[in-house]
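K.L.:
Below is a structure I'd like to ask you about.
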């Protein structure tokens, strides 16, 4: 299929999934076969959340251990590749507070804003700490953008409305975008409910949107200067026919103009995806776009 490298070299990659900050604060980290590490929510009370202190990243575990691993890899290979996923603001708040956070948006909005501000500050601190070590801020989030940008994974924003994001998400993405830029956003699922608000995020240069998104409309709202990656459904890749895969890939490409800063990918493929579906996606991308 023409994939891979003819002469692959060692790639001293550092990664820890989205669990570094949750782990530092004390979340239980669950490790399962064939899955990324997962942080269990702590379900802290509002009073406990208000008592949280920003960590010393040079001493807090597991960051301190990862720093030693980075030094080992640098000594062996002369460099490291990748970065530490800072997770998203609401993602982190949910790990600390639990799903009660969504009730706080309506019943205790002042507390919710305090917690989200705290989470934003912790994310900024981690980014500013790790970025000088690796020179990248996006590798552990997505391979589909310039790795030197600061890309935040807004995975749980899919669970709230556009109005809720405008009040409890946009101010904090703007905090990140002001402090760490150029700035990018990874969004799981459909972008449609929040895309008009994402267009207001400061220093935004990249957006990654999940399947179900009206890619053409999102491109128009965000503007042609914002690079855009459209994701093809892994469920379709596994359960759909090769013809359905090809049609979906072509449709995604057709929605992408201008194509100079537009890309697509098939993400999260699991065991059991038919080889022919992968070939169909690649053939269609080569026919109507290009592989890079």
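Residue numbers (the UniProt record's numbering): 1 to 292. C-beta atoms are modelled at their ideal positions from N, C-alpha and C, and glycine is treated no differently. Please read all numbers here as calculations on a predicted model, not as lab measurements.
Are residue 173 and residue 185 closer than 8 Å when you measure CB to CB?
P.N.:
Yes, the pair counts as a contact, with Cβ atoms nearer than the cut-off.
K.L.:
When we look at the beta-carbon of residue 270 and count the other beta-carbons within 10 Å, is it buried (16 or more) or exposed?
P.N.:
So residue 270 ends up on the exposed side.
K.L.:
How about residue 255 and residue 206: do their beta carbons lie closer than 8 Å?
P.N.:
It is not a contact, given that the beta carbons lie outside the stated cut-off.
K.L.:
Tell me whether the beta-carbon of residue 24 lies closer than 8 Å to the beta-carbon of residue 60.
P.N.:
For residue 24 and residue 60, yes; Cβs fall inside 8 Å.
K.L.:
Could I get the ranges of all uninterrupted beta strand (DSSP E) runs contained in the region 31-99, with 3 residues as the minimum, in chain order?
P.N.:
Runs found: none.
K.L.:
What is the DSSP secondary structure of residue 181, reduced to helix, strand or coil?
P.N.:
In the structure shown, residue 181 sits in coil (DSSP, three-state: anything other than H, G, I, E or B).
K.L.:
Check each candidate in 87, 84, 251 and 96 and name the one with the smallest Cα separation from residue 27.
P.N.:
That would be 96, whose Cα lies nearest to the Cα of residue 27.
K.L.:
Determine the direct distance from the alpha carbon of residue 132 to that of residue 87, and round the result to whole angstroms.
P.N.:
Cα to Cα, the separation comes out at about 18 Å.
K.L.:
Assess contact between the region 183-200 and the region 162-170, defined as three or more Cβ pairs (one per stretch) separated by less than 8 Å. Is contact present?
P.N.:
Because the criterion of three Cβ pairs below 8 Å is met, the region 183-200 and the region 162-170 touch.
K.L.:
Jot down the residue ranges of each uninterrupted beta strand (DSSP E) in the region 152-218, minimum 3 residues, whole runs only, in chain order.
P.N.:
The qualifying runs are 183-187 and 204-209.
K.L.:
State buried or exposed for residue 56, treating a residue as buried only when at least 16 other CB atoms are found within 10 Å of its CB.
P.N.:
By the neighbour-count rule (16 or more Cβ atoms within 10 Å), residue 56 is not buried but exposed.
K.L.:
The alpha helix (DSSP H) spanning residue 277 covers which residue range?
P.N.:
Per DSSP, residue 277 belongs to the alpha helix (DSSP H) from 275-288.
K.L.:
On the DSSP bridge list, what partners appear for residue 137?
P.N.:
DSSP output for residue 137 lists 150 as bridge partner(s).
K.L.:
Run through the DSSP bridge pairs and tell me what residue 266 is partnered with.
P.N.:
232, per the DSSP bridge assignment.
K.L.:
So, for residue 80: in the same chain, excluding its five sequence neighbours on each side, which residues have a beta-carbon less than 7 Å away from its beta-carbon?
P.N.:
So the qualifying residues of the chain are 12, 14, 70, 73, 74 and 134.
K.L.:
Leaving out five residues on either side along the sequence, give the residues of the same chain with a beta carbon under 7 Å from the beta carbon of residue 250.
P.N.:
Around residue 250: 284 and 288.
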